[in-house]
Amino acid sequence: MKRMNLGAVALAVLALAGCASSPSGSGGPSGGSTPTRPSSSFAIPGLEKPAEVLVDRWGVPHLYAGTLYDAFVAQGFIAARDRLWQMDLWRKRGLGEMAKDFGPAWVESDRAARAVLYRGDMYREWLAYGSDAKRVAEAFTAGVNAYVAQVRAQPALLPTEFALLGYQPATWSPEDVVRIRHHGLTLNFTSEIERARAFCAGGVGIKADWLRRELDPPVTPRVPQGLDPCGIPATELRAAYLRATEPPQFTKANTRLGLNAGAQVPVALLPGSGSSTDTAQSGDPTGAYGSNNWVISPKLTATGRPILANDPHRSHGAPSLRYMTHLSAPGMDAIGAGEPFLPGLSIGHNGTIAFGLTRFYMDQEDLYVYQLNPRNPAEYRYQGRWEPMVRVTERIAVKGESTPREVVNTFTRHGPVLLAEPGKQRAYALRAAWLEPGMAPYFGSMDYMRARNWDQFRAAMNRWGAPGENQVYADTSGNVGWIPGGLTPIRPNWDGLMPVPGDGRYEWSGFRNGDELPSEFNPARGYVVTANENNIPPDHPAAKKGVGYEWSDAARARRLKELFAAKVAAGSRFTVEDSERMQNDIVATPAQRLLKLLAGLRSDDAQTAAALRMLQGWDGSMDRDSGAAALYEVWSSKSLRSAVLKAGAGDAGAVLATPGDNTRMVLLLENPSGWVTNEQRDALLLKTLPLAMQELSAKLGPDTAAWKWGTLHRAEFRHPLGGVVDAATRKKLDVGDWPMSGSAFTPMAATYRPSDYKLTAGASFRMVLDVGNWDASRVINTPGQSGNPDSPNYRDLAPLWLEGKYVPLVYTRAAVEKETVERIQLTPGK
10 MKRMNLGAVA LAVLALAGCA SSPSGSGGPS GGSTPTRPSS SFAIPGLEKP AEVLVDRWGV
70 PHLYAGTLYD AFVAQGFIAA RDRLWQMDLW RKRGLGEMAK DFGPAWVESD RAARAVLYRG
130 DMYREWLAYG SDAKRVAEAF TAGVNAYVAQ VRAQPALLPT EFALLGYQPA TWSPEDVVRI
190 RHHGLTLNFT SEIERARAFC AGGVGIKADW LRRELDPPVT PRVPQGLDPC GIPATELRAA
250 YLRATEPPQF TKANTRLGLN AGAQVPVALL PGSGSSTDTA QSGDPTGAYG SNNWVISPKL
310 TATGRPILAN DPHRSHGAPS LRYMTHLSAP GMDAIGAGEP FLPGLSIGHN GTIAFGLTRF
370 YMDQEDLYVY QLNPRNPAEY RYQGRWEPMV RVTERIAVKG ESTPREVVNT FTRHGPVLLA
430 EPGKQRAYAL RAAWLEPGMA PYFGSMDYMR ARNWDQFRAA MNRWGAPGEN QVYADTSGNV
490 GWIPGGLTPI RPNWDGLMPV PGDGRYEWSG FRNGDELPSE FNPARGYVVT ANENNIPPDH
550 PAAKKGVGYE WSDAARARRL KELFAAKVAA GSRFTVEDSE RMQNDIVATP AQRLLKLLAG
610 LRSDDAQTAA ALRMLQGWDG SMDRDSGAAA LYEVWSSKSL RSAVLKAGAG DAGAVLATPG
670 DNTRMVLLLE NPSGWVTNEQ RDALLLKTLP LAMQELSAKL GPDTAAWKWG TLHRAEFRHP
730 LGGVVDAATR KKLDVGDWPM SGSAFTPMAA TYRPSDYKLT AGASFRMVLD VGNWDASRVI
790 NTPGQSGNPD SPNYRDLAPL WLEGKYVPLV YTRAAVEKET VERIQLTPGK
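In the working numbering, the protein residues as written are 10 to 839.
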């Protein structure tokens, strides 16, 4: 990867970080160039014994507690110290309490959020996770509430965002941690909506759906008996689903009720707005939520120890989604990353085993369509009778209003009604596995993060609920493995790809046992790689059980497996640095496949010939300094894709297939028989190149030698309030605006917004573990550990991340002490 000059500020940050490593080399600790910060002490209610927190130069807190549960009290307190506004916003959005502090524009989103809360029996909920799940949540929220009390008593500690918006943080209950479910990352519901829309168009639409999304294993969706796909209100249903599940989007609007008296920044929620509707560069509605992970056996490594690597891909923003923590207490010594609003960690190691995750795209949602009683729209037909919906009336406090508003959510036997059309006698409900007991997203990691061997880890993964995940595993005995987990519905008479009538003909008949999914332990090949592709072996029984059909594009997995195979074939041993390089690899295999089709083509048209010269001399590397990469992305994602869709499905079908699946497009071009001849395919390739040249000339100027992919493809970590504050405050909250390599189809994933090529998602966190020699492990968060814009750890890691660099994940007490810049003493309080 070529390097860039980030300017004086970024260089200063790099110097501050000191001991960062990169794929081109790594260094050791710098010896303490970061200024030491004053020590502090806090009395924490709920703490049984004194605890100590050592914060290293990269903002990672190392928590040393006297009891197991004190570690979670300390984690809650320190996480709130670093990320209070982010945590408070997550809780407020999830519980449907935005209007209380931000005004009436948020009432409808609050109602929708409450519809997808867990509303079942809490005894069954806690029991599903393990014997001490409730105690862990109680400890964690006690720590959060202790910090909330601190900032209420000392307003100077209140984060900037609270002052901007004019409100105070709320206190937490243990149930908040598990009742909120909107962050489960499934989205099968929206795919069913789009497929119904395509099938409504008949033959053209069916062909368009084939282009829109690859199904693996191959299956031809069928319209369920009793369903009218043309009756599905696609736009309204998608908006309703996003209104319930999407992160809050702040925008300048027509209300100022959410602000303090001195602020001039109106805020409101636009349901369905934001990144979710414009991040589908990959043609995948879950395109922002990929990941890579792998584990390498000692027999293939230079050290004779396993190596485990993980880089989960999520939407980018400031503060970072991930939060690194070290939890050390009797019976537990775990370090890694999780999400700041949850106890424990989901990625990392505990001194004996290591673990890392990617999404495993099992189908955990269904859209049910109901016929309403024309005489009573509160009833729906089920098994030949009219069955009443359950109505839940709740009161929502609204800032600026003296009387709470009443809102109503309705529920069928399958789940919350997201949309009703009484005039058409129709209603639409979500059935989601993640609304079952024990399905709070990622909370199941509390079990596996404390496992000591493969059998315990496997047992924990068999209880894992949501979202579906691939976990790779390694331990200090030299074992490696892979196991997916997640609650998989059994659909006895349909495949889950289309909406179904809710009249009783299409019912789940329970859930599959986790042991029905494949797994590997010490595979003969010596490594396991996953990247969200369909990795169920075709000869495994699970391949025929409809676990899932909609996986991420296999380009990342294909490239990574090529790199592994080449290394093994050469007889070379894997190092930590090799994994760093692979995490930052920017070769797009779809580009390489299309380049082969261009290899022998010629044109007399000057603009087409110039485009061919650029692309035919290119290797498919999505480098930010490459003009060919810019041309390829604009061509493949715009003019070529549009032409292929029209040729494959006609003008009407092309609209339905937009944005289209990249794999399908490449396959069609490689195998044109059945839709065009080879000559017609070549003509299509040639005629679409000038359109891309023209767009780039308009955006980057006429000099093709000056074109760079990074001029278009920019990395900026936007704060939720960045779009509504003044320029000076925005500069403080947002992080960066830098040229970015990669694409959605490179191992270093860098998904962009099609409208302007701006980065929307990628590696939120990268980790490479030297299993057993833990202090030699490497990690990077982005943009920083802290959520406080005034903290030196708010943005310090972003330039390192951008350059493919890492910092040590120090673990032993001696290594931690060497990098400590701040000490915090926590004592039991009343």
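Glycine included, each C-beta is placed from N, C-alpha and C at the ideal position. In this text the structure is predicted, and so the values were computed from the model without any measurement.
Coarse secondary structure for residue i, derived from DSSP in three states
i, result
"Arg832", "strand"
"Ile87", "helix"
"Leu366", "strand"
"Ser773", "coil"
"Gln703", "helix"
"Phe259", "strand"
"Leu317", "strand"
"Leu196", "coil"
"Asn687", "helix"
"Arg123", "helix"
"Gly453", "coil"
"Glu826", "helix"
"Val819", "coil"
"Ser324", "strand"
"Phe350", "coil"
"Asp799", "coil"
"Ser651", "helix"
"Ala137", "helix"
"Asp237", "coil"
"Tyr761", "strand"
"Ser306", "coil"
Where the alpha helix (DSSP H) containing residue i begins and where it ends
i, result
"Trp463", "Trp463 to Asn471"
"Met591", "Val585 to Gln592"
"Gln480", "That residue, Gln480, is in no alpha helix (DSSP H); its beta strand (DSSP E) goes Glu478 to Asp484."
"Asn154", "Ala142 to Ala162"
Under 8 Å between C-beta atoms of residue i and residue j
i, j, result
"Trp747", "Arg775", "no"
"Pro699", "Gln616", "yes"
"Leu72", "Ile87", "yes"
"Thr367", "Ala540", "yes"
"Ala551", "Pro527", "yes"
"Thr150", "Trp181", "yes"
"Val407", "Ala108", "yes"
"Gly495", "Gly474", "yes"
"Ala318", "Trp303", "yes"
"Asp218", "Arg231", "no"
"Trp627", "Ala639", "no"
"Trp560", "Glu542", "yes"
Host beta strand (DSSP E) of residue i (start-end)
i, result
"Ser49", "Ser49 to Pro54"
"Pro748", "Val744 to Pro748"
"Ile215", "No beta strand (DSSP E) contains Ile215, which is instead part of the alpha helix (DSSP H) from Gly212 to Arg221."
"Asn385", "Asn385 to Tyr391"
"Lys73", "Going by the sequence as given, residue 73 is Tyr instead of Lys. Looking at the DSSP string, the run of the beta strand (DSSP E) that includes Tyr73 is Pro70 to Tyr73."
"Pro44", "Here Pro44 belongs to no beta strand (DSSP E), and DSSP marks it neither H nor E."
"Leu336", "Tyr332 to Ala338"
Buried/exposed call for residue i, threshold 16 Cβ in 10 Å
i, result
"Gly212", "exposed"
"Ser630", "buried"
"Arg534", "exposed"
"Thr244", "exposed"
"Leu365", "Note that residue 365 is Gly in the sequence shown, not Leu. Buried, because 16 or more other Cβ atoms sit within 10 Å of the Cβ of Gly365."
"Pro547", "exposed"
"Arg622", "exposed"
"Val825", "buried"
"Gly340", "exposed"
"Lys553", "exposed"
"Lys767", "buried"
Best match in the options for proximity to residue i [C-alpha to C-alpha]
i, options, result
"Ile305", "Arg123, Ala620, Asp779 and Leu173", "Asp779"
"Met131", "Val416, Ala121, Asp119 and Ala146", "Ala146"
"Leu730", "Leu173, Ala658 and Lys655", "Leu173"
"Ala759", "His358, Ser324 and Thr229", "Ser324"
"Arg376", "Pro242, Ala343, Asn462 and Val417", "A small fix is needed here, since residue 376 is Leu in this sequence, not Arg. Selected option, being the one with the closest Cα: Pro242."
"Tyr391", "Leu246, Ala666, Tyr379 and Pro59", "Tyr379"
"Arg472", "Phe208, Leu136 and Gly345", "Leu136"
"Ala311", "Thr260, Glu586, Thr43 and Ala248", "Glu586"
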